[in-house]
Structure formats: structure tokens, C-alpha cells
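A.B. asks: Mind looking over this structure? Questions follow.
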Amino acid sequence: MSALVLVSLKSLLLGLAALGCQLTCAQTAPAVLLQVTGEVHTVLSLTRHDLSALPRKDFAENRTVVQDGKDVTLSIRYQGVPLRQLLDQAGLKPDRRAIRRAMVIATAQDGYKASFSWGELFNSHLGDGVIVVLREGSDDLLEKDGFPALRSLQDTRSGPRHVRWLQSLEVVLP
1 MSALVLVSLK
11 SLLLGLAALG
21 CQLTCAQTAP
31 AVLLQVTGEV
41 HTVLSLTRHD
51 LSALPRKDFA
61 ENRTVVQDGK
71 DVTLSIRYQG
81 VPLRQLLDQA
91 GLKPDRRAIR
101 RAMVIATAQD
111 GYKASFSWGE
121 LFNSHLGDGV
131 IVVLREGSDD
141 LLEKDGFPAL
151 RSLQDTRSGP
161 RHVRWLQSLE
171 VVLP
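The sequence shown begins at 1 in the working numbering and counts up one residue at a time.
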């Protein structure tokens, strides 16, 4: 074989080896479960390991439901990270006046969305109870569902702003 053919063959083999390494490396990279994006200084791309390593707090919610025609109060225990803590970690970009108009949009893997105003999260007691849930009762949500959840424990009506399979948090200015 000519030297040119050998060089071309060698280049082809090296290229295939590099492609194989890229494919293998991509397969072993940890999956991002939750992203914090938008009007933030630092975009957060959190893996299972990152979420598990965050300092957690314990929360409790008493919920009244109807079972067999009777009102029953359930006490549900959660363990998670306050949403404000994640937003502080990402650092909100806008200046102090513009940030007052900001909204945080929580999006689930299935496309469900819930929103919170900056005022609710940072300027009222409601923000104390908005959490990224990692454990509900005895269930580890990262193991059970593959994603964390988001709960607003102090809403008057439960449900609408509870986001299962939480995938992203986006800070937007209207």
C-alpha cells in the first residue's frame, strides 16, 4: 500500500476511536434531572448526585381529604430544599427594581407548569413553604419517580401548584 493510503487509513481509525470514546463518555455522563435557567447569573444543571448532596430540611403538611364520606386529616412528611435556596444559589440577574416583576415558572417532564411571583417567594410567608421535594414520607422521589417534585405547602387550595416530575425552574421577566 502506498504511504498516502496508510496515512488515510490511520486517520480514519483514529477518528472512529475518538467517536467511540465520545459515545461512551456521553453514555456515562450523569443525567441532569433539574435545571434552573432564565434571568440567573449561574445556570444550575443538577444531577441526582447534586440534588442528593444539597442540605435538606424537614417539612410537614396537614391535608384534609374525604374518605368514605368523612373528613380525614392526613399528616404528610416531606424532606427537600426550599425553592428560595436554589434561586439564591443560581443568583437572580435583574437589578433590585426589575426583580420585583420576576416570575418563576416550574415545569414538569410532562409539560405541566406552575408559576410563582418574586413577591410570593421572597416577600411573604408563602415562600417559606415552597420546596423542591426529594423525599415524601418514606419514598425517595429520585428513586421512585426519577425526578424531584415541587410543593407549595401554604397555598389555600392544594394541588394546582404541586408539580410532580419537576424538570426545570425558569426565572422570567414579563
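For every residue, glycine included, the Cβ atom is placed at its ideal position computed from N, Cα and C.
1. Is the stretch 59–71 in contact with the stretch 33–45, if contact means three or more CB pairs nearer than 8 Å?
2. Is it true that the CB of Leu169 sits closer than 9 Å to the CB of Phe59?
3. When you compare the CB positions of Gly127 and Leu134, do they come within less than 9 Å of one another, or not?
4. To the nearest angstrom, how far is it from the Cα of Arg161 to the Cα of Ile131?
5. Spatial neighbours of Ala31 within its chain, please: CB distance less than 8 Å, with the 5 preceding and 5 following residues excluded, ordered by chain position.
6. Val172 and Ala102 - do their beta-carbons sit closer together than 9 Å?
7. What does the alpha-carbon distance come out to for the pair Arg180 and Arg151?
C.D. replies: Here's the rundown:
1. no
2. no
3. no
4. 11 Å
5. Thr47 and Arg48
6. yes
7. No answer is possible for residue 180: the residues shown for the chain start at 1 and end at 174.
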